[in-house]
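Q: Residue numbers (this note's numbering), protein chains in the order written: chain Z, 5 to 348; chain G, 5 to 348; chain H, 5 to 348.
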Amino acid sequence: MKAFLDTYTPPKMNGDFVGKPIVTVEQFTRCDLDQIFATTERIKAGVRRGEQWIHNLCANKIMATLFFEASTRTDLSFQAAMSRLGGRWIGASNGISFSSLYKGESIADTVRAVGCYADAIILRHPAEGASYQAAYYLDMLADKIGHKAVLVSGGDGIGEHPTQALLDLFTIEDAKGGLDNLQIALVGDLKFGRTVHSLAKLIAIYGGENITLTFVSPESLAMPTKVLTFLDGHGINYRQTDNLLDVLSKSDIIYWTRVQEERFENPAEYQAIRNNFIMTPDLLEQAKPDMCLLHPLPRKHEMGTEADQDILDRDPRTCYFHQMENGMFVRMALLAKALGVISL
Amino acid sequence: MKAFLDTYTPPKMNGDFVGKPIVTVEQFTRCDLDQIFATTERIKAGVRRGEQWIHNLCANKIMATLFFEASTRTDLSFQAAMSRLGGRWIGASNGISFSSLYKGESIADTVRAVGCYADAIILRHPAEGASYQAAYYLDMLADKIGHKAVLVSGGDGIGEHPTQALLDLFTIEDAKGGLDNLQIALVGDLKFGRTVHSLAKLIAIYGGENITLTFVSPESLAMPTKVLTFLDGHGINYRQTDNLLDVLSKSDIIYWTRVQEERFENPAEYQAIRNNFIMTPDLLEQAKPDMCLLHPLPRKHEMGTEADQDILDRDPRTCYFHQMENGMFVRMALLAKALGVISL
Amino acid sequence: MKAFLDTYTPPKMNGDFVGKPIVTVEQFTRCDLDQIFATTERIKAGVRRGEQWIHNLCANKIMATLFFEASTRTDLSFQAAMSRLGGRWIGASNGISFSSLYKGESIADTVRAVGCYADAIILRHPAEGASYQAAYYLDMLADKIGHKAVLVSGGDGIGEHPTQALLDLFTIEDAKGGLDNLQIALVGDLKFGRTVHSLAKLIAIYGGENITLTFVSPESLAMPTKVLTFLDGHGINYRQTDNLLDVLSKSDIIYWTRVQEERFENPAEYQAIRNNFIMTPDLLEQAKPDMCLLHPLPRKHEMGTEADQDILDRDPRTCYFHQMENGMFVRMALLAKALGVISL
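1) Could you tell me which chain H residues have their CB closer than 7 Å to the CB of T83 of chain G, listed as they occur along the chain?
2) So is P302 of chain Z in contact with chain G if we call contact Cβ pairs under 8 Å?
3) Jot down the residue ranges of each uninterrupted alpha helix (DSSP H) in the region 209 to 281 of chain Z, minimum 4 residues, whole runs only, in chain order.
4) For the candidate residues G:E30, G:D319, G:I346, whose alpha-carbon lies nearest to that of D147 of chain H?
5) What residues in the region 142 to 166 of chain Z bring their beta carbon closer than 9 Å to a beta carbon of chain H?
6) What are the residues of the region 259 to 274 of chain H that lie near chain Z, defined by any Cβ-Cβ distance shorter than 8 Å?
7) Tell me the residue span of the alpha helix (DSSP H) that contains Q313 of chain G.
8) Quick one: using the 10 Å Cβ neighbour count with 16 as the cut-off for buried, is S253 of chain G buried or exposed?
9) Restricting to Cα atoms, I'd like to know which of H:M17, H:R46, H:E109 is closest to E306 of chain G.
10) Is any beta-carbon of chain Z found at less than 8 Å from that of D193 of chain H?
11) Nearest chain Z C-beta to E329 of chain H closer than 8 Å, yes or no?
12) Pop quiz: V27 of chain G and A139 of chain G are said to be a contact at Cβ under 8 Å. What is the actual Cβ separation, rounded to whole angstroms?
13) For N330 of chain Z, does the count of other Cβ atoms within 10 angstroms reach 16, so buried, or fall short, so exposed?
14) Closest Cβ-Cβ distance between Y121 of chain G and chain Z: below 8 Å?
15) What does the alpha-carbon distance come out to for the pair Y242 of chain Z and M5 of chain G?
16) Within 10 angstroms of the Cβ of R335 of chain Z, are there 16 or more other Cβ atoms? Answer buried if so, exposed if not.
17) Report yes or no: is there a C-beta of chain H within less than 8 Å of the C-beta of A68 of chain Z?
18) Determine, for R335 of chain G, whether the minimum Cβ-Cβ distance to residues of chain Z falls below 8 Å.
19) Let me know if R77 of chain Z comes out buried or exposed under the rule of 16 or more other beta-carbons within 10 Å of its beta-carbon.
20) Tell whether a beta-carbon distance below 8 Å holds between I215 of chain H and H238 of chain H.
21) Is it buried or exposed, G150 of chain Z, if we count other Cβ atoms within 10 angstroms and call 16 or more buried?
22) CB-CB under 6 Å to A342 of chain Z, same chain, minus the five flanking residues each way: which ones, in chain order?
23) Check this for me: beta carbons of G308 of chain Z and I282 of chain Z, under 8 Å apart or not?
24) Could you pull out every unbroken alpha helix (DSSP H) segment of at least 4 residues lying fully inside the region 21 to 100 of chain Z, listed in chain order?
25) Which whole-angstrom value describes the C-beta separation of G90 of chain Z and H59 of chain Z, a residue pair presumed to lie in contact below a C-beta threshold of 8 Å?
26) Report the CB separation of G161 of chain G from A131 of chain G in whole angstroms; it is logged as a contact under 8 Å.
27) With DSSP run on the structure shown, which of helix, strand or coil describes L190 of chain H?
28) According to DSSP, simplified to helix, strand and coil, what is A131 of chain H?
29) Does I111 of chain G come out as helix, strand or coil in the three-state DSSP assignment?
30) If you run the structure through DSSP and keep just helix, strand and coil, what is G197 of chain Z?
31) Going by DSSP, name the residue or residues bridged to Q155 of chain Z.
32) Work out the CA separation of D38 of chain G and K16 of chain G for me, nearest whole Å.
33) Quick one, are the C-beta atoms of W260 of chain G and H201 of chain G less than 8 Å apart?
34) Grab me the residues of L145 of chain G's own chain with a C-beta within less than 6 Å of its C-beta, minus the 5 sequence neighbours each way, in chain order.
35) Hey, Y67 of chain Z and I111 of chain Z: beta-carbon distance below 8 Å or not?
36) Select from Z:F196, Z:L217, Z:R198, Z:G192 the residue whose C-alpha is nearest the C-alpha of L183 of chain Z.
Laid out in structure tokens, this is it:
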């Protein structure tokens, strides 16, 4: 499937989302992001006020979930998004992971089968490039039967998870009114962390005045060069450190992720840095009063004990539940735009 | 999770169901039950007549199913209930039992994730107290993001299964017009049977003139003291016996449950009582012509062979299929009340 | 369950589909098929044009999926069908295959439980006769509680898969305007192939002028006598061969299915015929320019390599994706007719 990363070029949005797959953050311009976020804000306010127009948007539309690995948050978030737009979702009754499709069939055939029934397909797959392949074959199907199903990636192995990055950025934008003058720290495993790669790129695409981006990680888990090159290409300043305390009290946004023991060849190396990458109530005390702590969830030991988490969760600076709720609103906006049922 | 049985106090309904979790029958007063049953009757009649108002009640509402163990009847019954109210349901595409949520995450985080997307959550969990914990954390989430998702227990380990008890009592009330002057026998494993505990308590709460409650079980599987104490506190008369024939011909309601061989330390003890706890067509012959035989289903050997069951099922005195259908109507009423979309 | 093949007689449609189960193609007359196909055409055109009336047809109806084995295409196709009719579907959250229903309970009880909640049940089961048994017990349930749920078979072990046959025939009818003067070849494993049995019978029932039906298979996998007898009874001409080249260039319709190695006792026998039953771009070259190649999917080696399949898929003569999409439209027509929400 990785071959499709080279052979299939996802279309740029350039203000027109209708019928286009969503597989990488690189499809979006700043202007596209502004549109998506404006739509998301309208939808979020509309849902809060119980406005009826939202519930009619996708009244005749069907979304299929094709989750070749479990990702319950993304899965339920898309289902809720489509449902709140008045659309329907369908999915394999016994789980696609257990189906004959999964066992023998190529993704090319699976996705076209589902493309005959649905208007949008949410694909989660363990192999990088799977969403590119799926988008390619849905184009081919559209040529054949004249019905176009839109592919939206729900995460693609070690590749991208574009809607996660969009909801992360939207949450920052929503909390702070933009990125200008923000000090943003991305913390944890920046080497293998799919979400931080996509988010860093999306911040670069969004841009702004006087943004400081700091990458905090163990040295062996630093941000990959190809992401840094992308940031350079967009003129975004960043710096790298392994010491959170350098930036904790100055950051406006801290994006927290887990450092996993399995990533270290030498257990001693992990033990040495371990405690620097656990957020605790004591640590949070040192942050700015209007700082916003994000986390893609699920979380484990990187936020301490359950008792620690209960304290963190009550602190107004922790925003990961807002992030999750925003995930649904961002996905509503994306579905509505891709299906061509909303203009602004 | 059992700790939450002590630390979290479920709110009493006292006539106002909106936004309150449903985790134990002890939340209801007689007046609440009258309200629920009246709403259930209206909904049942409305569905039968195809009235449109019902289908608009939950038009913008989303219910999530979180079944950490299979309980297909409860599951499908809630899905059908929400669907018949015009609402939508969402659920993990590959089953929550197979998800990463299940593997590593605390129920506190899982339920709050889902609470960001849904308006109601149906939780089925093998651990007693899980629904209390879930309700506690959904309250905390509501404080955080301003969106309240209602928790409804779909069964809680050896704890309670409140909607089952409500549908059981509704079926009795529906068949007999109330509990006054009824002779009610609960039969089978009364020690471990969750449904009979909740039903006995609910009968006590509902109350009535001249009710005779008889508990029929092997001595070693008698009704637990804490349930009997609850009944005493509500002034309900009951007696205990191990001999069904004492009450068979006099009972107006017989609630039948399975006695499982695994419950007996001594197999000989099981063999000795086994045949007294199998309902057969011959036995049914001795019951009153207007007796109503209930069973929570599924059933196995406690209703004899498949041929026996075919005969029992055709007998007008067997009401377990009405019970199941009523389950959907009662759950429609509960969802509509908890979501605040119906007043009467 | 096979016993029910003898004891339960599925009702003939004879122009009235309301409330009747769909378990075998033998329930249909030519006149019934004309009705179904006319309704399917109307629905297909309506969906294409986004007509609203379709989306209101099943507004208050609920369909349950009961898939005791995975069949993702059939499953999703029915879900999409019900959704596009404006109805709802429900299904076990963790998959019925993993439920307690599946483990201990008779299908008689399972299907009646679901029949208490739903208006239509789609049953897929590995045992032949399961759909007959289910239909029998749903009749019994209707007598009991006054609510009739319609059973639609989604495939029944080595028995029938009536909706597959209907969508196959509809695709032929749709492509060619009828069966008159058509040369139709059914190719592959005709002994064990459930779809070819049902399709052959349905072609016989539909009938027409000057139809030539050719069965192409290895000798040991020829069409069973009981199907041939059925064809004789309907006056349909057919011939049998093991050589595709005899008919390739003359056929208007070629229905392609897989020959599986496991069907042969002697591996050498399989190797000898193997290559005669693989469709390739070269082979397709020899077919008529307006030939229509069908396949029930999923496909494996019987259509060559993935590169072969990419070429075949782009050829206008390959119609298996139309077939799949038609599956949804035919199922919409069947559900609408069985639920009594459409007259023509």
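Note that the Cβ used here is the ideal one computed from N, Cα and C, for glycine as well.
A: This is what the structure holds:
1) Locating residue 83 of chain G in the second sequence gives position 79, where the first residue counts as 1. The residue asked about is misnamed: residue 83 of chain G is Gln in this sequence, not Thr. Going along chain H in sequence order, the residues near Q83 of chain G (Cβ under 7 Å) are I94.
2) On the first sequence, residue 302 of chain Z is found 298 positions in, with the first residue counted as 1. Interface residue, yes.
3) The region 209 to 281 of chain Z contains these whole alpha helix (DSSP H) runs: 229 to 237, 271 to 278.
4) Counting from 1 along the third sequence, the entry for residue 147 of chain H is found at position 143. It is G:D319 whose Cα lies nearest to the Cα of D147 of chain H.
5) Residues of the region 142 to 166 of chain Z with a C-beta less than 9 Å from any C-beta of chain H: M144, L145, D147, K148, I149, G150, H151, listed in chain order.
6) Residues of the region 259 to 274 of chain H with a C-beta less than 8 Å from any C-beta of chain Z: none at all.
7) Taking the first residue of the second sequence as position 1, residue 313 of chain G is located at position 309. Element bounds for Q313 of chain G: 310 to 318.
8) Position 249 of the second sequence, counting from 1, holds the residue named residue 253 of chain G. Exposed, by the Cβ-count rule.
9) Locating residue 306 of chain G in the second sequence gives position 302, where the first residue counts as 1. Among H:M17, H:R46, H:E109, the Cα nearest to that of E306 of chain G belongs to H:E109.
10) Here residue 193 of chain H refers to the residue found at position 189 of the third sequence. Not one chain Z Cβ lies under 8 Å of D193 of chain H.
11) In the third sequence, the residue the question calls residue 329 of chain H occupies position 325. True, the Cβ-Cβ gap to chain Z drops below 8 Å.
12) As a position in the second sequence, residue 27 of chain G is number 23, starting the count at 1. As a position in the second sequence, residue 139 of chain G is number 135, starting the count at 1. The Cβ separation is near 6 Å, so the contact holds.
13) The sequence position of residue 330 of chain Z within the first sequence is 326, counting from 1. Counting of Cβ neighbours within 10 angstroms places N330 of chain Z among the buried residues, the total reaching 16 or more.
14) Counted from its first residue, the second sequence places residue 121 of chain G at position 117. Chain Z, which has a Cβ nearer than 8 Å to the Cβ of Y121 of chain G, makes this yes.
15) The residue labelled residue 242 of chain Z in the question sits at position 238 within the first sequence. The residue labelled residue 5 of chain G in the question sits at position 1 within the second sequence. One C-alpha to the other measures close to 45 Å.
16) Counting from 1 along the first sequence, the entry for residue 335 of chain Z is found at position 331. By the neighbour-count rule (16 or more Cβ atoms within 10 Å), R335 of chain Z is buried.
17) Locating residue 68 of chain Z in the first sequence gives position 64, counting from the first residue. Closer than 8 Å to some Cβ of chain H, the Cβ of A68 of chain Z qualifies, so yes.
18) Locating residue 335 of chain G in the second sequence gives position 331, counting from the first residue. Output row for R335 of chain G: interface = no.
19) Counting from one through the first sequence, the residue named residue 77 of chain Z turns up at place 73. Per the 10 Å Cβ criterion, buried.
20) Along the third sequence, read from residue 1 onward, the residue named residue 215 of chain H stands at position 211. Along the third sequence, read from residue 1 onward, the residue named residue 238 of chain H stands at position 234. For the pair I215 of chain H and H238 of chain H, the CB atoms are not nearer than the 8 Å cut-off.
21) Counting from 1 along the first sequence, the entry for residue 150 of chain Z is found at position 146. So G150 of chain Z ends up on the exposed side.
22) Here residue 342 of chain Z refers to the residue found at position 338 of the first sequence. Non-local C-beta neighbours of A342 of chain Z in its own chain, meaning closer than 6 Å and more than five positions away in sequence, comprise F21, V154, ordered along the chain.
23) Along the first sequence, one-based indexing puts residue 308 of chain Z at 304. Along the first sequence, one-based indexing puts residue 282 of chain Z at 278. Yes, they are a contact pair.
24) Complete alpha helix (DSSP H) runs here, min 4: 34 to 52, 56 to 60, 76 to 88.
25) Taking the first sequence and counting its residues from 1, the one referred to as residue 90 of chain Z is at position 86. Taking the first sequence and counting its residues from 1, the one referred to as residue 59 of chain Z is at position 55. So it is a contact: roughly 4 Å between Cβ atoms.
26) Translated into positions along the second sequence, residue 161 of chain G becomes position 157. Translated into positions along the second sequence, residue 131 of chain G becomes position 127. About 5 Å; that satisfies the 8 Å criterion.
27) Here residue 190 of chain H is taken as the residue at index 186 of the third sequence, counted from 1. Correct three-state label for L190 of chain H: strand.
28) Residue 131 of chain H sits at position 127 when you count from the first residue of the third sequence. The answer is coil: DSSP assigns A131 of chain H none of H, G, I, E or B.
29) Here residue 111 of chain G corresponds to residue number 107 of the second sequence, with the count starting at 1. Reduced to three states, the DSSP call for I111 of chain G is helix.
30) As a first step, residue 197 of chain Z must be located in the first sequence, where it is residue number 193. Residue state, collapsed to three classes: coil.
31) Taking the first residue of the first sequence as 1, we reach residue 155 of chain Z at position 151. Just to set this straight, residue 155 of chain Z is Leu in the shown sequence, not Gln. L155 of chain Z is bridged to Z:I125.
32) Your numbering for residue 16 of chain G matches position 12 in the second sequence. Your numbering for residue 38 of chain G matches position 34 in the second sequence. Their backbone Cα atoms lie some 15 Å apart in a straight line.
33) Working through the second sequence from its first residue, we reach residue 260 of chain G at position 256. Working through the second sequence from its first residue, we reach residue 201 of chain G at position 197. Not in contact: W260 of chain G and H201 of chain G (Cβ atoms no closer than 8 Å).
34) Counting from one through the second sequence, the residue named residue 145 of chain G turns up at place 141. If we look at L145 of chain G and ignore the five residues flanking it on each side, its Cβ neighbours are R116, G119.
35) Translated into positions along the first sequence, residue 67 of chain Z becomes position 63. Translated into positions along the first sequence, residue 111 of chain Z becomes position 107. Per the sequence shown, the amino acid found at residue 67 of chain Z is Met instead of Tyr. Against a cut-off of 8 Å, the Cβ pair of I111 of chain Z and M67 of chain Z comes out as no contact.
36) Counting from 1 along the first sequence, the entry for residue 183 of chain Z is found at position 179. It is Z:L217 whose Cα lies nearest to the Cα of L183 of chain Z.
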